[in-house]
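Asks: Chains as they are written, first to last, in the working numbering: chain A, 2 to 127; chain B, 2 to 127; chain C, 2 to 97; chain D, 2 to 97; chain E, 507 to 636; chain F, 507 to 636.
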């Protein structure tokens with residue numbers, strides 16, 4: 002693999018694989034990413050599997066008014082978390098067009114995911 | 002559907018869909034079945050999905066000595082739980098031969114599962 | 002008629018297959034929580050066998066931004082409709 | 002080389018597909034807990050792409066009565082071997 | 507109709523408890539009776555008396571207590587599932603020689619037999635899993 | 507080598523806690539150092555001081571305490587995940603105006619920053635999910 006085709010790598014890759022509202026995984030994974038960034042870590046985020054639905058527009062409060070995670074996602078830039086990836090295979094499974102997602106993530110094809118993982122010294126999966 | 006091809010139906014069908022050791026679902030589902038039987042309920046058991054692996058022979062204690070569920074399964078007859086079904090599709094997915102399973106369950110093809118569910122006034126899934 | 006309730010996404014889990022295997026010809030299936038992802042046009046094909054008997058909970062679609070994306074073949078009900086479905090069914094089964 | 006750890010069965014979940022998608026050509030995969038079901042001859046085909054780099058935890062196979070049924074292509078390691086795999090890998094990733 | 511709810515998901519970890527509480531309120535609003543909520547598996551964690559969620563999130567334990575107070579809904583917690591998970595009332599704490607308790611009224615520790623009884627007595631039993 | 511463990515499964519509900527404890531013992535037996543176990547998501551329930559599993563089952567909370575006492579392993583519980591799940595020490599209980607507590611030493615309530623710190627300081631961080 003040549004360097005010019007490899008994604009830019011940070012210190013910590015956080016992989017988010019869960020949908021909003023159905024569980025606390027997305028929120029708890031995001032909390033780790035935000036705290037790591039606040040500590041000066043260069044954090045990359047990869048939305049994988051059901052996690053890609055976190056980027057769907059027009060989310061709102063949950064069953065009993067639980068907070069949406071969308072406002073937290075909008076804070077990522079403030080925390081200097083700028084590397085946002087989304088899994089191509091998951092997008093096509095859900096029939097989602099990358100252009101209609103929040104935050105304009107970069108789409109990673111299958112091979113590029115392994116590459117992103119390889120380039121990060123630390124990876125946490127949620 | 003003609004009556005002669007329908008499985009005998011009890012009062013309560015308990016569906017067990019989880020493997021031993023990996024979670025407490027199998028044990029907790031069995032507890033409900035045993036207590037219901039002790040209360041005089043006519044209980045049927047259906048092992049579905051990963052639940053079919055509960056019937057594999059030669060199980061033993063878990064990681065730190067957690068009890069195996071196999072001895073509990075051997076008590077089913079004592080509790081007059083005699084209707085034991087196992088999902089045909091799951092057996093073939095796991096490559097298990099019904100003859101090598103504990104307790105000689107009856108194999109239910111896809112259509113027969115819906116029939117078993119239909120005939121029970123109460124069904125609990127674990 | 003029994004009501005089957007599924008709260009897991011067909012994109013990640015095979016739980017919906019268990020529900021489908023257990024459904025009789027009159028039974029209905031309600032998607033709730035992450036299960037409502039199954040109402041997306043790309044995923045609703047998993048439920049072809051029960052066309053006309055598939056429901057999804059409105060509040061859960063809304064919270065996820067999926068209400069406008071839900072396939073037209075899915076009957077969308079709010080929580081009051083969920084209670085009505087349980088009234089009409091003789092029993093409910095949950096697949097999680 | 003990274004070590005990937007999977008604790009869910011390929012019979013019910015698609016978690017193993019995520020692990021496979023994230024694996025580099027040198028990476029190894031260890032099956033633990035319900036994940037060891039993936040070592041059964043009927044299920045091990047899900048891991049064809051990483052032949053020679055697939056491991057399963059002995060104690061978890063044993064507890065489930067699956068040790069004798071595990072496919073010959075799977076390298077069986079006890080918990081000490083699990084620790085050794087983490088020593089050799091520069092990092093571990095868990096898929097659950 | 508007479509309903510019962512079987513709740514098996516931990517609060518705040520997955521949506522099961524939220525869905526169950528929402529469903530409970532809706533069935534009561536339609537004029538039905540909710541005999542009991544039976545807490546089993548990780549659902550027993552709903553009974554933890556010390557839970558302190560952030561103020562802008564729903565307080566689930568308080569939500570169950572309110573249903574009990576307003577509509578007489580019994581809050582039955584499986585004792586076997588609870589004890590191993592660190593949930594015990596004063597009586598069980600005394601029996602185990604421990605100081606303090608983590609469950610209190612109107613939540614009551616009870617056996618799985620209560621669930622069997624509910625499934626027989628009620629017209630509808632609706633399960634919310636994790 | 508210096509290890510840390512991230513544990514995210516509830517005790518007795520799934521095998522994660524058992525696997526983590528077994529792994530912890532094995533790495534110590536091989537001469538490594540285990541800096542800390544960080545309890546997050548439902549893993550925080552491992553810290554419940556009142557847990558009373560049946561006598562013929564492993565007592566996980568006691569297992570963690572033994573690791574602390576024998577090997578100096580820090581037992582760090584995410585405070586945000588803990589509070590909403592009903593787990594608080596005396597100090598947090600006082601702050602929330604509640605009597606009693608559900609977490610005590612050697613478990614310590616701490617922030618997610620500790621996890622980030624462990625992931626940087628340690629040679630290996632191994633996660634056990636539910």
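Quick reminder that beta carbons are idealized off the backbone N, C-alpha and C, glycines included.
List, in order along the chain, the chain A residues whose C-beta lies closer than 7 Å to that of residue 563(E)?
Replies: By one-based count along the fifth chain, residue 563(E) stands at place 57. Within chain A, the residues near residue 563(E) are 67, 68.
Asks: Quick check: is the beta carbon of residue 50(B) nearer than 8 Å to any beta carbon in chain C?
Replies: The sequence position of residue 50(B) within the second chain is 49, counting from 1. Yes, residue 50(B) counts as interfacial toward chain C.
Asks: In this structure, does DSSP put residue 15(C) in helix, strand or coil?
Replies: The sequence position of residue 15(C) within the third chain is 14, counting from 1. If DSSP states are grouped into helix, strand and coil, residue 15(C) belongs with coil.
Asks: If we call anything under 8 Å between Cβ atoms a contact, is residue 84(C) one with residue 593(E)?
Replies: Working through the third chain from its first residue, we reach residue 84(C) at position 83. Working through the fifth chain from its first residue, we reach residue 593(E) at position 87. Result no, Cβ atoms of residue 84(C) and residue 593(E) do not sit closer than 8 Å.
Asks: Check whether the region 27 to 37 of chain C touches the region 2 to 10 of chain C, taking contact to mean three or more Cβ pairs, one atom from each stretch, closer than 8 Å.
Replies: Segments in contact, yes.
Asks: With a CB to CB cut of under 8 Å and the five nearest residues on each side skipped, what residues in its chain are close to residue 567(F)?
Replies: Counting from 1 along the sixth chain, the entry for residue 567(F) is found at position 61. Cβ within range, chain order: 517, 552, 553, 554, 555, 557.
Asks: Give, in chain order, every residue of the region 20 to 52 of chain B whose Cβ lies closer than 7 Å to some Cβ of chain F.
Replies: For the region 20 to 52 of chain B, which is checked against every Cβ of chain F, the residues closer than 7 Å are 22, 23, 24, 25.
Asks: At 7 Å on the CB atoms, spell out the chain F contacts of residue 97(D), in chain order.
Replies: Position 96 of the fourth chain, counted from the start, is the residue given in the question as residue 97(D). Result: 635, 636.
Asks: With 16 as the cutoff for other CB atoms within 10 Å, does residue 510(E) come out buried or exposed?
Replies: The sequence position of residue 510(E) within the fifth chain is 4, counting from 1. By the neighbour-count rule (16 or more Cβ atoms within 10 Å), residue 510(E) is buried.
Asks: Evaluate contact between the region 583 to 600 of chain E and the region 56 to 69 of chain B, counting only Cβ atoms and requiring at least three cross-stretch pairs below 8 Å.
Replies: Because the criterion of three Cβ pairs below 8 Å is not met, the region 583 to 600 of chain E and the region 56 to 69 of chain B do not touch.
Asks: Looking at chain G, which residues of the region 28 to 59 of chain D have a Cβ within less than 8 Å of any of its Cβ atoms?
Replies: In the displayed structure, chain G is absent; the protein chains listed are A, B, C, D, E and F.
Asks: Can you check DSSP and say which residues form a bridge with residue 485(F)?
Replies: Residue 485(F) lies beyond the range of chain F shown here (507 to 636); nothing can be said about it.
Asks: How long is the line joining the alpha carbons of residue 601(F) and residue 36(D), rounded to whole angstroms?
Replies: Here residue 601(F) is taken as the residue at index 95 of the sixth chain, counted from 1. Here residue 36(D) is taken as the residue at index 35 of the fourth chain, counted from 1. Straight-line Cα distance between these residues: approximately 43 Å.
Asks: Counting C-beta neighbours from all protein chains within 10 Å, is the total for residue 61(D) 16 or more, i.e. buried, or is it exposed?
Replies: Working through the fourth chain from its first residue, we reach residue 61(D) at position 60. Burial call: buried.
Asks: Drop a sphere of 10 angstroms on the beta-carbon of residue 51(A), count the other beta-carbons inside from all chains shown, and report buried for 16 or more, exposed for fewer.
Replies: Stepping through the first chain from its first residue, residue 51(A) is reached at position 50. Residue 51(A) comes out buried.
Asks: Note down the Cα distance separating residue 616(F) from residue 609(F), rounded to an integer number of angstroms.
Replies: Taking the first residue of the sixth chain as 1, we reach residue 616(F) at position 110. Taking the first residue of the sixth chain as 1, we reach residue 609(F) at position 103. Going by the C-alpha atoms only, they are around 12 Å apart.
Asks: Tell me which residue opens and which closes the alpha helix (DSSP H) that residue 18(A) is part of.
Replies: Locating residue 18(A) in the first chain gives position 17, counting from the first residue. Careful: residue 18(A) lies outside any alpha helix (DSSP H) and carries neither H nor E.
Asks: Roughly how many angstroms separate the alpha carbons of residue 40(D) and residue 120(A), rounded to a whole number?
Replies: Walking along the fourth chain from the start, residue 40(D) turns up at place 39. Walking along the first chain from the start, residue 120(A) turns up at place 119. Approximately 29 Å, taken between the alpha carbons.
Asks: Just to confirm the assignment, what range does the beta strand (DSSP E) spanning residue 58(C) have?
Replies: Numbered from 1 along the third chain, position 57 holds the residue referred to as residue 58(C). First-last of the beta strand (DSSP E) with residue 58(C): 55 to 58.
Asks: List the residues of chain D that residue 122(A) touches, going by C-beta distances under 9 Å, in chain order.
Replies: Start at 1 with the first residue of the first chain, and residue 122(A) comes out as number 121. Residues of chain D passing the Cβ test: 91, 92.
Asks: Could you tell me which residues DSSP puts in a beta bridge with residue 520(E)?
Replies: Here residue 520(E) is taken as the residue at index 14 of the fifth chain, counted from 1. 24(A).
Asks: Which residue comes first and which comes last in the beta strand (DSSP E) that contains residue 108(A)?
Replies: Residue 108(A) sits at position 107 when you count from the first residue of the first chain. That run of the beta strand (DSSP E) goes 107 to 109.
Asks: Please name the residue, chosen from 50(C), 64(C), 74(C), 47(C), that lies closest to residue 1(C) on a Cα-to-Cα basis.
Replies: What is shown of chain C runs 2 to 97, which leaves residue 1(C) out entirely.
Asks: Residues in its own chain within less than 7 Å of residue 91(C) by CB, not counting five upstream and five downstream?
Replies: Counting from 1 along the third chain, the entry for residue 91(C) is found at position 90. Correct list, in chain order: 2, 3.
Asks: Would residue 2(B) count as contacting chain D if we go by Cβ distances under 8 Å?
Replies: Stepping through the second chain from its first residue, residue 2(B) is reached at position 1. Low local confidence applies: a pLDDT of 38 at residue 2(B) is under 50, so the model's placement there is unreliable, and no value is given.
Asks: Can you name the residues of chain B whose CB is closer than 9 Å to the CB of residue 638(E)?
Replies: Because chain E spans 507 through 636 in this model, residue 638(E) falls outside it and cannot be assessed.
Asks: Can you find a C-beta in chain D that's less than 8 Å from the C-beta of residue 119(A)?
Replies: Here residue 119(A) refers to the residue found at position 118 of the first chain. Yes, because at least one Cβ of chain D sits closer than 8 Å to the Cβ of residue 119(A).
Asks: Answer with yes or no whether the minimum CB distance from residue 84(D) to chain F is below 8 Å.
Replies: Along the fourth chain, one-based indexing puts residue 84(D) at 83. Answer yes: the Cβ-Cβ gap between residue 84(D) and chain F drops below 8 Å somewhere.
Asks: Assuming residue 577(F) is part of the alpha helix (DSSP H), what are its boundary residues?
Replies: For the purposes of this step, residue 577(F) is taken as residue 71 along the sixth chain, with counting starting at 1. Start and end: 566 to 577.
Asks: Any Cβ of chain F within less than 8 Å of the Cβ of residue 523(E)?
Replies: Numbered from its first residue, the fifth chain carries residue 523(E) at position 17. Taking Cβ atoms only, chain F never reaches closer than 8 Å to residue 523(E), which makes this a no.
Asks: For residue 91(B) and residue 44(D), what's the separation of their Cα atoms in angstroms?
Replies: Here residue 91(B) refers to the residue found at position 90 of the second chain. Here residue 44(D) refers to the residue found at position 43 of the fourth chain. Cα-Cα distance, rounded: 12 Å.
Asks: How about residue 57(A): is its C-beta nearer than 8 Å to some C-beta of chain C?
Replies: Stepping through the first chain from its first residue, residue 57(A) is reached at position 56. It does: the Cβ of residue 57(A) has a partner Cβ on chain C nearer than 8 Å.
Asks: Below 8 Å, how does it come out for the region 527 to 547 of chain E and the region 108 to 116 of chain A: are there three or more Cβ pairs, yes or no?
Replies: Not touching, per the Cβ criterion.
Asks: If you follow the beta strand (DSSP E) that residue 76(C) is part of, which residue opens it and which one closes it?
Replies: Counting from one through the third chain, the residue named residue 76(C) turns up at place 75. Residue 76(C) -> beta strand (DSSP E) spans 76 to 78.
Asks: Give the residues from the region 599 to 627 of chain E that approach chain B closer than 9 Å (Cβ to any Cβ), ordered along the chain.
Replies: Going along the region 599 to 627 of chain E in chain order, one finds 617, 618, 619, 621, 622, 623, 625, 626 with a Cβ nearer than 9 Å to chain B.
Asks: Consult DSSP for residue 13(B) and reduce its assignment to one of helix, strand or coil.
Replies: Within the second chain, numbered from 1, the residue matching residue 13(B) stands at position 12. Strand.
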